[in-house]
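Asks: Each residue of the sequence shown is one higher than the one before, counting from 1 in UniProt numbering. Mind looking over this structure? Questions follow.
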Amino acid sequence: MKGDAGLDEEDDEKKVNYRLEIYGNDTTFNIPVAIVTGVKNSPYFKQLYQLKTFNEVVDEIYNEVSYIEPWVAGKGLGHPSSAFCLLYKMFLMRLSLKQMKVLLNHQDSPYIRALGFLYLRYGLNPREFWSWFKDYVNDEEEIVPRSNPGGSSITIGRLVRDLMRNTKFYDTMLPRVPATVMQELEKNLRETSKDNDRSEPRRKRSRSPARGRNE
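The following block contains the structure:
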């Protein structure tokens with residue numbers, strides 16, 4: 001028979017391996033239908049079938065994602081970016097609590113982290129946003145969210161705040177946040193955030209990101 005310590009360890013193991021519950025539509029995962037349709041028709045997404053493990057998907061994000069806009073630059077609707085193809089792939093895998101923490105705290109690429117935050121914004125119950133996002137609202141790591149070469153960077157903290165506050169992500173709809181929840185989020189942000197949202201955007205740091213294969 002296990003002692004109390006053994007039972008606690010078993011409970012902790014169950015918690016970290018618990019798969020995050022999808023709130024809302026468990027087919028589209030609350031991603032706009034036009035994006036989901038484009039992803040399913042994407043030759044790049046079909047190549048992702050060969051990726052079977054979480055670590056393989058994380059490596060793919062590291063190698064292939066250099067911006068987080070929903071659509072491929074210059075091609076527009078119907079041509080989803082590698083970021084959103086990989087986001088949908090992760091939804092199909094149904095990430096665990098442990099895997100999500102790996103994404104949010106990953107040290108190799110801000111794009112790995114950003115896809116974790118997007119997963120939570122689309123798939124999580126809005127009432128759980130603050131418990132997940134609160135530790136990152138002032139995160140100073142920089143990311144270039146758009147595809148234009150030499151584009152301006154923002155901080156991960158700014159991305160997190162925008163995801164909580166905004167109703168759209170690059171002209172595509174985000175899942176609705178109830179008014180009472182939004183009021184609470186704004187209250188928490190006012191109390192916690194350094195709130196540099198109105199400052200001039202930073203210029204992109206010198207780096208040569210890999211381009212997505214489908215771009």
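Note that CB positions come from ideal geometry on N, CA and C, so glycine has one too. Keep in mind the model is a prediction, meaning the values are calculated, not measured.
1) Find out if the Cβ-Cβ distance for the pair I156, P110 is shorter than 8 angstroms.
2) Tell me whether T192 sits in a helix, a strand or coil according to DSSP, three-state version.
3) On the criterion of 16 or more Cβ atoms from any shown chain inside 10 Å, does D139 qualify as buried, or is it exposed?
4) Please say whether I112 and I61 have beta carbons closer to each other than 8 angstroms?
5) Which residue's Cα is closest to the Cα of V102: D171, Y119 and S193?
6) Under 8 angstroms Cβ to Cβ from E69, same chain only, skipping five residues before and after it: list those, please.
7) Between Y88 and V57, how many whole angstroms is the CB-CB distance? I'm expecting something under 8 angstroms.
8) Evaluate L92 with the Cβ neighbour count: other Cβ atoms within 10 Å of its Cβ, from every protein chain shown; 16 or more gives buried, anything less gives exposed.
9) Alpha carbon to alpha carbon, what distance is there between R121 and L163?
10) Going by C-alpha to C-alpha distance, which of E142, S153 and L159 sits closest to F133?
11) If L104 and G116 are in contact, beta carbons under 8 angstroms, what's the gap, nearest whole angstrom?
12) Using the beta-carbon count (16 or more within 10 Å), is N30 buried or exposed?
13) Helix, strand or coil, according to DSSP, for I22 in the structure here?
14) Taking just the CA atoms, how far does E128 sit from Y23?
15) Does DSSP put I112 in a helix, a strand or coil?
16) Determine the direct distance from the alpha carbon of V33 to that of L86, and round the result to whole angstroms.
17) Secondary structure at S66, three-state DSSP: helix, strand or coil?
18) Taking 8 angstroms as the threshold (C-beta atoms), are S96 and residue 272 in contact?
19) Find the nearest neighbour of L48 within the set V72, M90, H79 and N166, judged by alpha-carbon distance.
20) Figure out for me which residue from V65, W130 and G78 has the closest Cα to the Cα of N41.
21) Tell me the rounded alpha-carbon separation between M182 and R165.
22) Using only the heavy atoms of the ligand GDP, determine whether one of them is closer than 7 angstroms to the beta carbon of N41.
Replies: Let me spell this out:
1) yes
2) T192 falls in the helix class under three-state DSSP.
3) buried
4) yes
5) Y119
6) S81, A83, P145, R146, S147 and Y170
7) Y88 to V57, Cβ: 11 angstroms. No contact.
8) exposed
9) 7 angstroms
10) L159
11) 5 angstroms
12) buried
13) Coil, per DSSP.
14) A direct Cα-Cα distance of roughly 10 angstroms separates Y23 from E128.
15) Helix at I112.
16) 16 angstroms
17) coil
18) Limits of the chain in this structure are 1 at one end and 215 at the other, which puts residue 272 out of reach.
19) M90
20) Of the candidates V65, W130 and G78, the one whose C-alpha sits nearest the C-alpha of N41 is G78.
21) 7 angstroms
22) Only the bare structure without any ligand can be found here, which leaves the ligand GDP out of the picture.
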